[in-house]
Every structure is written in structure tokens, then in C-alpha cells.
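*Asks:* Counting from 0, one number per residue, gives the positions in the sequence shown under numbering that gives the first Met the number 0.
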Amino acid sequence: MSQSHDHIRTTVETYLTRHPHERPQLDGFLEALDRPTDITSRSTFSAHVTCGAVVVDQLGRVLHVPHVPHRASGKVHEPEDGFLTAAALRELRKKTGIPPQAVEPWPGYEAVPFDIDIHDVDAHPGRGESGRQHLDLRFLFRLRSAKEMPLVLRQEEADGVEWRPVDRVTCPSLREKLLTLTPAVEPEAANASALIHNDRGEYLLHLRDYFPGEIWEPGMWSLLGGGREPQDVTLEHTVRRELAEEAGLRISDLVPFGVEEATDDSGTTLPIAIYAGTWNGDPRELHLTEGVMVAWFAPDDLHRLRIVPSTRDLVRRHAASRTADASAPAPRTGAVPEDDRRPTCPSGTVPNVIGVHLYLERPDGTVLLGLRHPDSGFAPSTWHVLAGHCEQESAVTCLVREAREEAGLRIEPQDVELVHVVHHIDRTADQPRMGLFFRARTWTGEPELREPDKCTQWTFWDPTALPELLVPYTRVVIDGIRAGRLYSETGWA
């Protein structure tokens with residue numbers, strides 16, 4: 000997937016907010032982004048984007064990788080790179096053998112280049128290449144371990160690759176920035192937010208509580224996220240923790256997108272690292288612990304919302320980049336694109352939500368039910384079995400996780416069995432759902448209220464005397480399990 004000019008421009012403009020004195024030397028490049036030529040293509044010879052990784056070890060040394068004389072840069076941004084940082088990590092592994100999982104973004108530089116270098120590349124008439132400029136976006140990483148990482152070098156780069164002290168870094172602008180960096184010191188305050196979108200091109204926004212003077216952006220629509228806490232190793236940990244705490248959300252594919260420079264009423268500017276990810280769930284089923292509600296919005300509808308301009312522009316830039324990537328021509332290779340290998344869904348096919356449920360029956364025959372919170376978006380003040388939505392995980396893994404998170408129960412995967420499947424729909428035109436009910440043959444612990452905002456009590460009920468306020472399909476399933484049936488349908492006309 001080729002990077003869109005919008006995404007590259009956003010990255011460079013964010014960099015310039017930190018280094019405004021470098022704008023004159025980057026103005027020519029920004030003008031090139033306004034032309035239709037793909038500046039990330041290898042065939043673009045007037046100006047070309049490359050990405051590199053600056054790696055600092057636990058001793059404060061910097062990995063030096065010299066340029067090869069007969070090659071332009073080596074840190075070329077390939078079409079298959081989904082994000083600029085991915086290109087930098089790919090080239091790091093290619094040149095030195097250091098895998099992406101061995102490093103992590105330097106806090107505060109998760110999606111912003113640490114340094115940008117422009118250098119001329121000589122013409123090579125023999126290869127049909129004219130002279131051009133390379134814009135090298137350099138992203139800052141640090142080794143995760145104090146143990147020195149072995150280098151696996153390519154033959155042409157075997158000479159000169161080494162760990163160097165900062166004062167021996169050859170690039171003046173990079174050396175100057177590194178000298179102001181203290182490895183043991185990290186930002187005292189940092190924030191991260193999630194730019195969550197679905198396959199329909201809509202974005203998930205959070206309506207904040209109206210507490211003027213107490214919270215940031217009171218009564219405004221914003222992105223889910225928050226401030227970094229001491230236990231967060233990186234800002235990615237921050238945004239994942241905030242999503243789980245604020246809405247019970249777990250997004251598997253979060254990747255750095257950019258930085259939003261937010262400003263409050265007093266004029267204080269706060270940099271917020273933005274991570275983008277995909278989710279196709281129903282916001283009404285999220286369990287908010289902060290704010291009023293979450294909802295999907297199309298980019299064209301943002302003008303109707305009370306939303307800060309920087310957030311609105313960020314969403315629109317991301318939407319524009321997705322549109323540009325979707326309309327870009329497929330890479331000219333012999334491989335068939337992944338999307339083309341997938342069979343086309345028949346007309347009328349709709350996604351079905353997978354719900355995983357725990358049927359916990361004690362030796363005396365009583366069954367565990369939980370009373371849902373009065374403010375729950377689904378079945379408030381109604382009894383239901385322990386349940387959750389299947390995420391990027393197997394159904395049994397989901398069951399084990401939900402039992403531990405919601406009730407403190409320890410269940411081993413080998414100790415569960417599927418006892419019933421229900422295909423149900425709540426109301427006409429609602430999204431259909433498939434409920435998988437698993438029986439735990441054995442478990443450890445007694446039910447605890449681990450998430451009181453979702454469940455107010457756990458009780459074992461006699462299946463012949465179930466509570467009147469019980470989720471309808473749960474009653475159908477319990478009756479079906481007792482009768483030995485494996486499948487039920489409810490709600491279908």
C-alpha cells in the first residue's frame with residue numbers, strides 16, 4: 000500500500016511544529032506533495048521519500064550504518080509498507096538483522112520523525128536515472144533489552160556498521176538533536192488517542208462529560224484516549240489501556256498515524272500521539288466508564304458536531320489517505336493482491352457478531368447468572384450469563400479471558416465444551432448474532448465483581464426457577480441445554 004501524500008504531509012507538518020526553523024529547507028518538498036506524481040515511487044526521480052531508523056541502545060550509543068556509495072539510500076519506502084515507521088523498521092532489519100520486535104519507539108516519537116534530512120543523489124545514466132533529491136524521514140527507536148543486539152550484516156554494508164557514542168554521529172542535524180536527548184529521561188507528560196474507523200468509512204467519537212475546568216474539551220466530541228501513566232512502557236500501551244478502561248475496547252491492529260497538537264482554552268498546547276485501528280462493532284454495547292456516549296460518524300458529518308478543529312481535520316486527513324490508498328493502482332508484481340484472492344461475498348451477505356457465553360453449573364445443578372448494571376447499554380437491570388464479544392482471538396480464548404476479567408474465575412481451555420449455539424436477532428434490521436455457550440467442567444475460584452460498572456451481583460440460580468427479568472435468548476438456551484438440544488434460533492420472523 001503506497002503512502003498517500005496527505006499522510007506524508009501530515010507527518011512532515013507535525014515534525015515542523017517541533018522544528019519550525021527547518022521549514023525553508025523543506026518548502027520545496029512540500030510543494031512536490033501538491034503535484035500528482037507519486038513521491039514514494041522508485042520511478043519518481045525529482046524527489047523521493049525514504050525512511051530510516053535511528054536506534055539508541057541502553058548505554059546511549061547510536062547505531063551507525065554508513066551509506067553505500069553506489070546506492071542512493073537503501074532506506075527506500077516500498078509500496079507494501081503500510082506506515083512510514085514500518086518502512087524504517089523493514090530497512091533496519093534488512094541492513095542490520097535487528098528485528099522490529101527488538102526495538103520500540105522512543106517515547107514521544109511514536110509517529111513523528113526525530114530528524115529529516117534532504118540530500119542530493121547523483122545521476123546514473125547507465126541505469127537511466129537522473130539526479131534527484133531524497134527526503135529521509137528518520138524515526139527514533141531504542142533497544143528493548145540491555146543486552147547488546149548481534150548484527151547480521153549484508154556483504155556490501157559489513158564495513159563501518161557499529162555502535163557509536165553520540166558525539167561521533169556524522170550528520171550534524173541528527174547529532175545536535177541526539178545531544179539534547181537523555182536516554183534515562185522520558186517525557187513527564189504524554190498523551191495518546193485512538194483514531195478508530197470501521198469498514199464503512201465511519202469514525203468512532205466519544206462525547207465527553209460537561210465538566211468545565213475539570214477535564215479537557217468538556218462537552219465535546221473527541222477521540223478515545225488519555226494521559227500516560229507510570230506503568231505504560233510506550234504510548235501504545237497508554238492508548239490500549241485507555242481504550243480498555245474507558246470503553247472495554249481491545250483493538251488488535253493499532254498502528255501509529257500522527258500527532259495532534261491540541262490547544263485548550265488557556266492556550267496550552269498538548270501533543271497527542273494518534274494510533275489508528277479498525278473496529279466494526281456496535282458502540283451501544285460498549286461499557287463506558289467516562290463520558291456520555293460513543294457513536295460512529297462519517298467525515299462529511301463532522302461539521303454538525305461540537306468538535307475541536309484539530310480533531311476534525313485529523314479525521315478528514317485520515318479518511319483522505321484511506322481513499323487515496325484504495326484508489327491507488329495495484330503494484331506491478333507477479334503476486335496476486337491479498338484482497339483479490341479472497342472470494343467475493345454473495346449479494347446480501349452481512350457480518351454476524353460472535354458472542355461467547357459461559358454456562359457455569361455447580362454440582363447441585365444451579366447455574367451462574369449476573370445482574371447487569373442499570374446503566375448498561377444492553378439489557379439493563381436484567382440477568383444474563385457471563386458473556387463477551389469474540390475479538391481477534393479464538394472463541395475458547397475469549398471465554399477464558401472474559402471469565403477471568405469479569406468474575407475472577409480461572410478456567411483452563413481443555414476444561415470447556417461447547418453445549419449450545421443460538422442464532423438470534425433482537426429486532427428487525429438489527430445485526431444478527433451467533434451465541435456460543437460453553438460449559439466449564441471444572442474451574443478455580445468463586446465469582447467476584449471484577450467489573451461493577453457492568454455487573455452488580457453474581458448468583459447461582461435453580462434452572463427451574465429462573466428470574467423473571469432474564470435475557471430472552473439466555474432463557475431459551477438454558478432450556479435447550481437441559482433438554483439436550485444443541486441449537487436454537489430466536490427473534491427471526
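Where a beta carbon is used, it is the ideal one built from N, C-alpha and C, also for glycine.
Because the structure is a prediction, the values reported are computed rather than measured.
Measuring CB to CB, does Pro451 end up less than 8 Å from Leu408?
*Replies:* Not in contact: Pro451 and Leu408 (Cβ atoms no closer than 8 Å).
*Asks:* Nearest-angstrom Cα distance between Thr277 and Leu194?
*Replies:* Their backbone Cα atoms lie some 9 Å apart in a straight line.
*Asks:* Alpha helix (DSSP H) containing Leu357: first to last residue?
*Replies:* Per DSSP, Leu357 belongs to no alpha helix (DSSP H); it is in the beta strand (DSSP E), Val352 to Tyr358.
*Asks:* Tell whether a beta-carbon distance below 8 Å holds between Leu88 and Ile115.
*Replies:* Cβ distance not < 8 Å, so Leu88 and Ile115 don't count as in contact.
*Asks:* Checking 8 Å against the spacing of the C-beta atoms, do Leu204 and Ala110 come in under that value?
*Replies:* For Leu204 and Ala110, no; Cβs fall outside 8 Å.
*Asks:* My output table needs one value for Pro98: the three-state DSSP class, helix, strand or coil.
*Replies:* Correct three-state label for Pro98: coil.
*Asks:* Mind checking which residues open and close the alpha helix (DSSP H) that includes Leu29?
*Replies:* Looking at the DSSP string, the run of the alpha helix (DSSP H) that includes Leu29 is Arg22 to Leu32.
*Asks:* Would you be able to state if there are at least three C-beta pairs under 8 Å between the stretch 5-25 and the stretch 93-105?
*Replies:* Touching, no, given that fewer than three Cβ pairs across the two stretches are closer than 8 Å.
*Asks:* Please state whether DSSP places Val293 in a helix, a strand or coil.
*Replies:* Three-state result, Val293: strand.
*Asks:* Quick check: the Cα distance between Phe296 and Val418, rounded to an integer number of angstroms?
*Replies:* Each residue's alpha carbon lies about 39 Å from the other.
*Asks:* So what's Val75 in DSSP terms, helix, strand or just coil?
*Replies:* In this predicted model, Val75 has a pLDDT of only 36, less than 50, meaning its place in the structure is not dependable; the value taken from the coordinates is given anyway. Reduced to three states, the DSSP call for Val75 is strand.
*Asks:* Select from Val291, Leu435, Trp491 and Gly444 the residue whose C-alpha is nearest the C-alpha of Ser221.
*Replies:* Cα-wise, what sits closest to Ser221 is Val291.
*Asks:* In whole angstroms, what is the alpha-carbon distance linking Phe138 and Val314?
*Replies:* Near 23 Å, if we compare the C-alpha coordinates of Val314 and Phe138.
*Asks:* Output needed for Ile477: all residues of its chain with C-beta closer than 6 Å, excluding positions within five of it in sequence on either side, in chain order.
*Replies:* For Ile477, where only same-chain residues beyond five positions count, the Cβ hits under 6 Å are Pro462.
*Asks:* Rounded C-beta distance between Val165 and Val61? I'm assuming under 8 Å.
*Replies:* That belief holds up - the Cβ atoms of Val165 and Val61 are roughly 6 Å apart, short of 8 Å.
*Asks:* Only counting the same chain, and skipping five residues up and downstream in sequence, which positions put a Cβ closer than 6 Å to that of Ser72?
*Replies:* For Ser72, the pLDDT reaches just 34, beneath the cut-off of 50, and the residue's location in the model is therefore unreliable, although a value from the coordinates is still provided. If we look at Ser72 and ignore the five residues flanking it on each side, its Cβ neighbours are Thr49 and His133.
*Asks:* With a threshold of 16 other CB atoms inside 10 Å of the CB of Pro229, please say whether the residue is buried or exposed.
*Replies:* By the neighbour-count rule (16 or more Cβ atoms within 10 Å), Pro229 is not buried but exposed.
*Asks:* Looking at the structure shown, is Asp166 part of a helix, part of a strand, or coil, going by DSSP?
*Replies:* Three-state result, Asp166: helix.
*Asks:* DSSP puts His372 in a beta bridge; with which residues?
*Replies:* DSSP, once it has assigned bridges, lists no residue as partnering His372.
*Asks:* Could you check where the beta strand (DSSP E) with His18 kicks off and where it finishes?
*Replies:* No beta strand (DSSP E) holds His18; DSSP gives it neither H nor E.
*Asks:* Would you kindly report the start and end of the unbroken alpha helix (DSSP H) that includes Tyr472?
*Replies:* Counting along the chain, the alpha helix (DSSP H) containing Tyr472 begins and ends at Pro471 to Ala482.
*Asks:* Quick one: using the 10 Å Cβ neighbour count with 16 as the cut-off for buried, is Val349 buried or exposed?
*Replies:* Classification of Val349: exposed, given that the 10 Å Cβ count is below 16.
*Asks:* Measure the Cβ-Cβ separation of Thr237 and Arg249 and say whether it is below 8 Å.
*Replies:* Contact: no.
*Asks:* Taking the beta carbon of Phe210 as the centre, do at least 16 other beta carbons fall within 10 Å, making it buried, or is it exposed?
*Replies:* Phe210 should be labelled exposed.
*Asks:* What would DSSP say about Leu173, mapped onto helix, strand or coil?
*Replies:* Leu173: helix per DSSP, three-state reduction.
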